[in-house]
Each structure stands twice: as structure tokens, then as C-alpha cells.
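Student: Chains as they are written, first to last, in my numbering: chain P, 376 to 682; chain E, 9 to 680.
Positions of the beta carbon are idealized from the N, C-alpha and C atoms, including for glycine.
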Amino acid sequence: MSPNATQSGRRLRARLGLAGLGLLASGCSGGVFDPVGPVGANDAEILINALMIMLGIVVPTILLAFWMAWRYRASNTKAQYLPNWSYSGRIEAVVWSIPILTIMFIGGVIWIGSYRLDPFKPLPSKVPPLEVQVVSLDWKWLFIYPQQGIATVNQLVVPAGRPVHFSITSASVFNVFFVPRMGSMIYAMPGMVSQLHLQADKPADMFGISAHFSGDGFSDMQFQVRSVPQGEFAAWAQSAKGSGLALDRAAYAQLAKQSHNVKPYAYAAVDPQLFKAVAVLHEPPGPGPEPAGPGHAGREITTVGRH
Amino acid sequence: MFGKLDWSAIPITQPIPMITSVVIILVILGVLGLVAAKGWWPYLWREWITSVDHKRIGVMYGLLGVVMLIRGFADAIMMRTQQAAAIGGAQGYLEPEHYNQIFSAHGTIMIFFAAMPLVIAFMNFLVPLQLGVRDVAFPTLNSVSFWLTASGALLVNISLFVGEFARTGWLPYPPLSEGTYSPGVGVDYYLWAVQISGIGTLMTGINFVTTVLKMRCPGMSYLRMPMFTWTALASSLLIVAVFPILTATLAMLTLDRYFGFHFFTNDAGGAPMMFMNLIWAWGHPEVYILVLPAFGIFSEIFSTFSGKPLFGYRSMVAATLFICIVAMMTWLHHFFTMGAGAAVNTAFGISTSIIAVGTGVKIYNWIFTMYGGRVRMTVPMLWSMGFIFTFVIGGMTGVLLAVPPADFLTHNSMFLVAHFHNVIVGGVVFALFAGLEFWFPKAFGFRLHEGWGKAAFWFAFIGFWVTFTPLYILGLQGMTRRLQHVNIEEWRPMLLLSVVGVAILVVGAICQVIQLVVSILQRDRLRDTTGDPWDGRSLEWATPSPAPFFNFAVMPNVEGEEAYWGIKQRAIETQQLAPEPKYEAIEMPVNSPVGVYTAFFASVTGFALIWHIWWLAALALIGAYAGFVVFAWREVHEFEVPAEEVARVDRARRAAREAALARMAQAEGTAS
Chain P
376 MSPNATQSGR
386 RLRARLGLAG
396 LGLLASGCSG
406 GVFDPVGPVG
416 ANDAEILINA
426 LMIMLGIVVP
436 TILLAFWMAW
446 RYRASNTKAQ
456 YLPNWSYSGR
466 IEAVVWSIPI
476 LTIMFIGGVI
486 WIGSYRLDPF
496 KPLPSKVPPL
506 EVQVVSLDWK
516 WLFIYPQQGI
526 ATVNQLVVPA
536 GRPVHFSITS
546 ASVFNVFFVP
556 RMGSMIYAMP
566 GMVSQLHLQA
576 DKPADMFGIS
586 AHFSGDGFSD
596 MQFQVRSVPQ
606 GEFAAWAQSA
616 KGSGLALDRA
626 AYAQLAKQSH
636 NVKPYAYAAV
646 DPQLFKAVAV
656 LHEPPGPGPE
666 PAGPGHAGRE
676 ITTVGRH
Chain E
9 MFGKLDWSAI
19 PITQPIPMIT
29 SVVIILVILG
39 VLGLVAAKGW
49 WPYLWREWIT
59 SVDHKRIGVM
69 YGLLGVVMLI
79 RGFADAIMMR
89 TQQAAAIGGA
99 QGYLEPEHYN
109 QIFSAHGTIM
119 IFFAAMPLVI
129 AFMNFLVPLQ
139 LGVRDVAFPT
149 LNSVSFWLTA
159 SGALLVNISL
169 FVGEFARTGW
179 LPYPPLSEGT
189 YSPGVGVDYY
199 LWAVQISGIG
209 TLMTGINFVT
219 TVLKMRCPGM
229 SYLRMPMFTW
239 TALASSLLIV
249 AVFPILTATL
259 AMLTLDRYFG
269 FHFFTNDAGG
279 APMMFMNLIW
289 AWGHPEVYIL
299 VLPAFGIFSE
309 IFSTFSGKPL
319 FGYRSMVAAT
329 LFICIVAMMT
339 WLHHFFTMGA
349 GAAVNTAFGI
359 STSIIAVGTG
369 VKIYNWIFTM
379 YGGRVRMTVP
389 MLWSMGFIFT
399 FVIGGMTGVL
409 LAVPPADFLT
419 HNSMFLVAHF
429 HNVIVGGVVF
439 ALFAGLEFWF
449 PKAFGFRLHE
459 GWGKAAFWFA
469 FIGFWVTFTP
479 LYILGLQGMT
489 RRLQHVNIEE
499 WRPMLLLSVV
509 GVAILVVGAI
519 CQVIQLVVSI
529 LQRDRLRDTT
539 GDPWDGRSLE
549 WATPSPAPFF
559 NFAVMPNVEG
569 EEAYWGIKQR
579 AIETQQLAPE
589 PKYEAIEMPV
599 NSPVGVYTAF
609 FASVTGFALI
619 WHIWWLAALA
629 LIGAYAGFVV
639 FAWREVHEFE
649 VPAEEVARVD
659 RARRAAREAA
669 LARMAQAEGT
679 AS
């Protein structure tokens, strides 16, 4: 899939131009129509294909509706008045067939697309994927690189041209891991591990977000995403080793407390069993807000929500 | 003594809810004072509050829905302006605690307390009239349903002033809504408000299924029922099928929060994902509960204003029932991104898009209803044409979201927000305004002003598209929903454009209010004297406007589809009405205060449970139950309308119709 990525990206742009959606596309730079890798490109291509199929039916339908209302307006004495005409088997057959055929076509797109772009399915590649373990916390993202023995908060760095295998869980409430330009999103859920395979084909600076509301600090659950050349990635991982911080269980317990708008930073060392412990809830889930003072009956006071 | 409640529950330090609450309380006190000063209390109590007349209850549902629609719209204005004011480091004017309550309240209010009451308002007002009967199957239960819905709405609004509302979104997904992450009373307000009104809705569903199945007038076979009644039946069937799921799901969450159960918690084997499945097993059919009666409204309007029967009536019935069934098989598309796997996603993606077959058939049937017609572009028709345009595009983006790989890019994004407003505003809200214009004369005896109605439509239609097109684009740029502030500078232009759209919508809403005021002032000019202002086709137009409380002096005898159209054509052909029937006394149900009484105690129970005031909850529950017992052992439940009274009302109706016939004959005469 990966060698085709730029190709399919080009195809996508051609198709966008073809459809006269240039405006939309240019308005979406940095969005889902500006993919950096195969998953995003293929998702977007399916989105565009489905849109084209639907427009093919929707535009004529709208035009027909307006034409009908205009042609048979009460003031138009030239149009024939058929006060009792209310049935035609032939028209009935057509009006049932058009949506059925369209949906059969779309159904094919759904079927093929769902299997081809199953987020759990590994991407074909000669190089083994980079492993990244993702934990959503209140309200920041923890990325653990088990192969490198490092971890980062709110910063995801991936090597360009190499697939990345994300294992995703949550330490408190539901979130969604989403990097719009890389493609498919997937839920981060407590007690469960979601799998996601993505790839960036070229170096780029991007953003990632949580696409599911998770509480008061949700708006800042945004993280930097950088895809960098292979060599630079190794250098970056090495430099993270120099940060001096270690993510052991005590540091994790501190991290799991609610905080928001956390600036990106790195841990030089990480407990190799940490992700599993979080995913199977051996580490207790995030504690939530600190108990409200007695002075605020029934109203939650966020520990960090003030600005 | 008062559980968790004390003075600190009132948000003195927060100006927005404080000022709003004070203004609302003053307005309510003002209205109550006016009512008392003018001595209207006995009238209100006798004729409205304790009324079991389905038309009066329908109007009260409508009033509740409109008030809540305004409240929900105010929330929407705050959401759009907050996001536009909080871009790139700015924080806007609403803190997260407050903003999160607003979007949660917006969704909850719009679905449960605006759209549902408004749809049920039309069902109440129209179904018995269209079936040619005098009331619903259980008139007093109907009153209880309404007052319980109002009780839920009251609790939501109390949360503005006492405590807080949920900060979890309009569906309180656990674990966020569990005690650990939401220890305040917000989620409890949500739970009890929705539970209490949900019981009311379930009883409405039972009531209308029974009414349609058992209470049709002679000759009104199923395939002679007007399309709106069919959709009301389908919607009621869905209510009966799925509202118990909502009740059970929220009850489980309540047990988690109040008694430390572990249905949906993170720990001790709870399964939060089960909540998502259950809540959408209710939540997706809920969309069709709202939109099916909207389709019914459009069906009536297209056929009336084209001067033709509905094209493909049987096909429409089939499509309605098809949607009704398939609606219950699509819920998983709300979480394709939870990693269900390719096979499951495929199945639900296809089942979701299959619904578009049913709606597609309906769209074509409306279009072909206009074929060969004489289309009058009145205000209801404008809304209907606006609906076709808007809903078809909303349906298209819905099919896109039903394609799992496309959903992987757009799930929970502003694209999704734009999509469901596209179908709910374009489908349901447009239908409600179209229906308001169409049936207003039947309810109040005069038409609404045409010019202001057209202005309201155009502002709403354009405002809608200017508000939501930018949200589609933002969604494709990767913007997710429910952000209190926006860190990405590039999203600014579209967010600002969307606020422009909101401003246009506000103008539309003002036009709608002006229309009502102008129409009331000019009501003598707009008076509907015949009871059939639009050249209607179904039985509600056979009654005078406003319809008498017993609807029909004698039960109509239906001899074909479009019952009233047939009667009318015969009268026009023979130049006379059917001979005057022999009038007999009519038995009608007596008014009952049990609805408002039960709802009062239900509200107190809810409030007490929210604040953990256990003794009060127990007392209020006993009070509510006592109301039911007293009602069940009542001695008198019907009263007799004397034959002379029936004759007097019906002779006035006949006189108006005869005058109309004479006018028509005269017009023909001068024409030829």
C-alpha cells in the first residue's frame, strides 16, 4: 500500500479538481483532504468516491423537485392539471429502483472499504512497524515508545516512510486518538486496547486531537505530531534519553491526576510493564476531580479549569 | 435535612446564569401576577391546565416546545459565539465548566424538550381529528403525559439556578458520567429530568398506538388513514419499542451513581461500551420518532397545495414502515471508530444506508405529487421545498458518514454536527414551522400573516446554510466538536462565518415572532370562517376552526381515501351539503387535575432525589401515588353534551359551509 500512497494522493487531488471542489480542498489544507500517508489518502478517496456517487443522484433530484414545483405552479395555465392522478406502476418501480441501485453501489464501497481499511489490520511494508503505546489521560496524551525505552507527553514523533503500530488505551474516560492528516481515528477506552496502523510518507508538522469529549480540559487535548526522516527520528529518540525524567509507577500516578494544557516533554526511561498495567487496570484509573469543598454544594469545581 | 442542598448551590458568582435566572423568575412572576390580577386563574385551570381535550393538550405541548426551542436556541447562540471568540489562545467568555453545561443542555433540551413536545403536539392535535374521532384512547393519561414532560423541562431549567446541569454531552457517556468523574448534581439533573419526561413519552406512545388501532371512525380502514396518521402510528410504535431501553439504561447509570453499582464503571467489571450500545439502540430510532411525523406533515402539505392526492400512497406507507423497522438495526454506526471490526462495520454501514432507500422513495413521491398539480407556493410549501433541498443534502452527508472509512475521518467532527443539524433542522424543524402555518387556523380560527411567514422562511433557510456549511468545512479540516476554545488559527474564518449565519437565523426567529403578533392584531382580517382555509383533503378540515371540543357532531362515515375531499366533492357536485343528521347527546370525558397533580409531585421527587433529600422524595412519591389512587376510584368520568348544544354548534358549521358553497357557485357563475 505504501508505494501507492503518493500516487493515490495525487489521484485524490486530481479527483478533487475534477469535481470542481478545488475551493473545498484548498480550504482544507491541514485537514483530512491533505493526507500525508496511505491510510489518510485511502480514507479520503473513499469519502470522495461516496460523495461523487451521492451527488450523481442528489443533484438531479433537487433539480427535478424545483422544476416540478415551477412547471406545475398554479399560475401556469399551460401545464396539464391531473387532479386525480396519484399512481403509476412504472414511476413507482423507478422511484424504488433508483435509491436501491445507489445503495447497492454504496454498499459495495462500504464492504470493500471496511475490510481494506480496517484500523486493526497491519500495513504492508518491508520494514517492521514502529511500536507506540498511547494512553489518554485527563487531559493529555502519553506516548510510550517501548522499542526506544522512552515516553513523551503531548508529542508524537514518527519516522517518515515506516508504518507505526499504535496500541491505544485510556486511563480514565473515553477519548479518540485522531491525527487528521494521517487518517483513521479510533477510540481510547479504559480497560481495552485498540489497535491502529498509520504511516506518514513524508516529513510534516501536524496536529493530533482527541475527537471525543472527555471533560473540562478537553479543548487542550491536542498534541504535536511530527513525521521526520529516519535518521532524524533516531537522533530525536536519543535526545529524549537525555531529558533525565523517568516514568516509573510513582511518576505515572502523579501524571494520571487531572491537568490540562500540558506542554510537550519527554521521559528518558519508562517502566516497560506500564502500558499493560494501565490497560488491564492494575494501575488504578485516573482519580477524577478532587472532592469539591463543602462550600460548593453539588457544583463541581474543576481543579484546573480556571484561567 | 436537605441532603446536599445548601445556599452555595446557587451560582452567585457566575453572572450569566444568575442574570438569566433572575430575568426568567421575574418574567414568570410577572405572568403569574398578570393572570392573578386579571382573574384568569379559574379559566386557565378549567379550560387548559386540567383539560383532557387532545387539541388543548396539543397546544400546550406546542407552547412548551416553543419555549424550550427558544431556550435551546439561546444556548446555540452562546456556543457559536464562544467558539468564535476563543481562537488561538483566547478563552472567550465562557469557562469550560459553563460551556460544557451549555452544549449538554442544548442537545438535551432540543431533543427531549423542544423537538419531542413539538412533534407530539402535532400528533395530539391531529390524530383524533384525522381519524374522525372525538378524543384519544386515554384522554386523562394524555394529560398526565404532557405534565410529566413539562416536569422534566422544569427540572432542566431549575438546574440553571440551583446547582448545575450535566457537563457530559446530551448523552452522558460513562465513565465520564460516573460518580468518579462527575461528582456534581449535573448528571443527576439530566437523569431525573429525562426519566420523568421519558415516562410521559412512553405513555404518549401507548396512547397513540391504541388510538390508531382501536378508535377509527366508521369506514376509516388502515389504508384510508391520512399519511400523517400513518407516520404518527409508526413513530408511536417506535416509542413503545425503544423508550423502555432508554429508561432501563438511565436506571442502570442511576444505580451506578447512587448505590455504587458497576454497570458502566471502569473498575469491578463494568462495561462502559454497553452504555453506548444501549443508549444508541434508543437514540437512533429516536431520530426517526422525530422525523417520521415530520414526513407526515410534508405529505399532507405537498398533496393539499398541489391540489392532488399524495402520489404512491401505499408506497409511502410501505416506506414509512420500512424505515420504522430498519431504524432499529443501525445503532452501531454511532461508534464505527470503537474498533468493532470490518464485518460488523460493514453490516451496520449497509443497514444504515439502506434507510436512505425509504427516505429516497418518499422524496420522489413528494416530487411526483406535484406532477400534474396546481402548486400554490404558500408559506407551508416554501418550508417544504426548503426541506427537500436541505434534507436531501443532509441525507447525502449521512450516507457518507455511514461509510466506515469515511467515518474514520469525520466521526465526532464538526462535519457530523453539520450533518445532524442538516437533517434535524432541515427535516424536523422545517416541518414544525410548515405544520404551524398549515394547522394554525384549525387551532385558533385565523391564519398567520403570509408576508412575515415568507420573510421568516427565507431568513431561516439562508441563515441555516450560512451557519452550517462552514461547519462541514471545519469538520473536514479536522475540527472536532465540543471545543470550549480553539487552538488552531486557520479555523477562524469559518467560525466567524458561522456566527454570521446565526445572526441571520436570529432575524428569522424575530420575523416568526412578529408574524405571530401581527396575525393576532389582524385576526379579524385573517379569520378562517369556513374551517377549510387551504382546500384541505383530510377530516380535520371538515370541522369548523377552531374545532369544537367534541370534534365531530356526528361520526363521519368514510368512503374512500382522503375522506374529507370526497365529502367536499359530493357537496360541490350536488350544490348542497349532506342532509342534516339527527343530533344525539355526546359523552365526553371530564377534566381532571390528576395530570398536573402527579407532575407536581414527580417534580418534587426528582428534585429531592437529585439533592439526596430522601424523606422528601419518599413523601412526594406517596403524594404522586395517592393522586393515581384517587383518580382510579373516581365516580364520574364522563359528562353528557346535550343534543341541542351539539346541534347548535353543527348548524353554525353547516351554515358557514353552505355560504361557502353559494360563494363558489356564484364565482363559477360569473366565470362562465
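Whole-angstrom Cβ separation of P:Pro494 and P:His572, contact assumed at under 8 Å?
Tutor: 7 Å
Student: In three-state DSSP terms, what is E:Val510?
Tutor: helix
Student: Could you check the C-alpha separation between E:Asn476 and E:His429 for me, to the nearest Å?
Tutor: Per the sequence shown, the amino acid found at residue 476 of chain E is Phe instead of Asn. In a straight line, the C-alpha of E:Phe476 is about 8 Å away from that of E:His429.
Student: Using a C-beta to C-beta distance shorter than 8 Å, which residues of chain B count as neighbours of E:Gly443?
Tutor: No chain B appears in the structure shown, which is made up of the protein chains P and E.
Student: At a Cβ threshold of 9 Å, is E:Phe397 touching chain P?
Tutor: yes
Student: Determine the burial state of E:Arg265: buried for a count of at least 16 other Cβ atoms within 10 Å of its Cβ, exposed for fewer.
Tutor: buried
Student: Shorter than 9 Å from the beta carbon of E:Glu458 to some beta carbon of chain P?
Tutor: no
Student: Is any beta-carbon of chain E found at less than 9 Å from that of P:Phe696?
Tutor: The shown model of chain P, from 376 to 682, leaves out residue 696 of chain P, and the question about it has no answer.
Student: Can P:Phe582 and P:Pro534 be called in contact, C-beta distance under 9 Å?
Tutor: no
Student: Does the contact criterion of 3 or more C-beta pairs under 8 Å hold for the region 233–250 of chain E versus the region 305–316 of chain E?
Tutor: Enough Cβ pairs lie closer than 8 Å, so yes.
Student: Would you check if the distance between the CB atom of E:Ser311 and the CB atom of P:Glu467 is smaller than 9 Å?
Tutor: In this structure, P:Glu467 does not lie closer than 9 Å to E:Ser311 by Cβ.
Student: Could you tell me which chain P residues have their CB closer than 9 Å to the CB of E:Gly320, listed as they occur along the chain?
Tutor: In chain order: Ser461, Tyr462, Ser463, Ile466, Glu467 and Val470.
Student: What residue from E:Glu588, E:Ile621, E:Glu570 and E:Gln584 has the CA that sits closest to E:Ser229's CA?
Tutor: E:Glu570
Student: Under the DSSP definition of a beta bridge, which residues are partnered with P:Pro534?
Tutor: P:Val603
Student: Expressed to the nearest angstrom, what Euclidean distance is found between the alpha-carbon atoms of E:Ala550 and E:Leu669?
Tutor: 14 Å
Student: Any Cβ of chain P within less than 9 Å of the Cβ of E:Asp275?
Tutor: yes
Student: Closer than 9 Å, Cβ to Cβ, to anything on chain P: give me those residues from the region 485–506 of chain E, in chain order.
Tutor: For the region 485–506 of chain E, which is checked against every Cβ of chain P, the residues closer than 9 Å are Gln485, Gly486, Met487, Thr488, Arg489, Arg490, Leu491, Gln492, His493, Val494, Asn495, Ile496, Glu498, Pro501 and Met502.
Student: With a threshold of 8 Å, establish whether the CB of E:Val67 neighbours any heavy atom of the ligand NAD.
Tutor: Absent from the structure shown: the ligand NAD. Ligands present: none.
Student: Taking the straight line between their C-alpha atoms, what separation do you get for P:Gln613 and P:Leu649?
Tutor: 21 Å
Student: Pull up the distance between the alpha-carbon of E:Ile297 and that of E:Gly434, whole angstroms please.
Tutor: 15 Å
Student: Determine, using beta carbons only, whether P:Ile321 and E:Thr354 come nearer to each other than 9 Å.
Tutor: In this structure chain P extends from 376 to 682, so residue 321 of chain P is not present and cannot be described.
Student: What is the rounded straight-line gap between the Cα of E:Phe452 and the Cα of E:Ile518?
Tutor: 21 Å
Student: Given that P:Gln455 touches chain E, what residues does it touch there, using C-beta distances under 8 Å?
Tutor: Within 8 Å Cβ-Cβ: Gly380.
Student: Can you list, in chain order, the stretches of the alpha helix (DSSP H) that have 4 or more residues and sit fully within the region 34–97 of chain E?
Tutor: Fully contained in the region 34–97 of chain E are the following alpha helix (DSSP H) runs of length 4 or more, in chain order: 49–52 and 62–93.
Student: Under 8 Å Cβ to Cβ from E:Val152, same chain only, skipping five residues before and after it: list those, please.
Tutor: Gly208, Met211, Val602, Gly603, Thr606 and Ala607
Student: Report the option in E:Pro501, E:Ile630 and E:Ala414 whose CA atom is closest to the CA atom of P:Gly415.
Tutor: The shortest Cα separation from P:Gly415 among E:Pro501, E:Ile630 and E:Ala414 belongs to E:Ala414.
Student: Under 7 Å Cβ-Cβ, which residues of chain P neighbour E:Asn1?
Tutor: Outside the shown range of chain E, which is 9 to 680, sits residue 1 of chain E, and nothing can be said about it.
Student: Residues of chain P with CB closer than 8 Å to the CB of E:Lys46, please, in chain order.
Tutor: Ordered by position in chain P, no residue passes the 8 Å Cβ test against E:Lys46, which lies about 38 Å from the chain.
Student: Considering E:Glu105, what are the terminal residues of the alpha helix (DSSP H) in which it resides?
Tutor: Pro104 to Thr116
Student: For the candidate residues P:Pro647, P:Asp595 and P:Ala631, whose alpha-carbon lies nearest to that of E:Ile95?
Tutor: P:Asp595
Student: Assuming P:Val507 and P:Val469 make a contact with CB atoms under 8 Å, what is their CB distance in whole Å?
Tutor: Between P:Val469 and P:Val507 the Cβ distance is about 52 Å, and since that is not below 8 Å, they are no contact.
Student: Out of E:Arg490, E:Leu503, E:Gly486 and E:Ala326, point me to the one whose CA is closest to E:Phe111's CA.
Tutor: E:Arg490
Student: Within a Cβ cutoff of 6 Å, which residues of the same chain sit near E:Gly614, ignoring the five residues on either side of it in sequence?
Tutor: Excluding residues within five positions, the ones whose Cβ falls inside 6 Å are Leu163, Trp200 and Ile204.
Student: Give me the Cα-Cα distance between E:Gly471 and E:Ile78, rounded to the nearest whole angstrom.
Tutor: For E:Gly471 and E:Ile78, the distance between alpha carbons rounds to 16 Å.
Student: Sort E:Trp622, E:Met404 and E:Gly206 by Cα distance to E:Gly363 and report the nearest one.
Tutor: It is Ile, not Gly, that sits at residue 363 of chain E in the sequence shown. For the residues E:Trp622, E:Met404 and E:Gly206, the minimum Cα distance to E:Ile363 belongs to E:Met404.
Student: Rounded to whole angstroms, what's the CA-CA distance from E:Pro23 to E:Val195? Just pull it up for me.
Tutor: 22 Å
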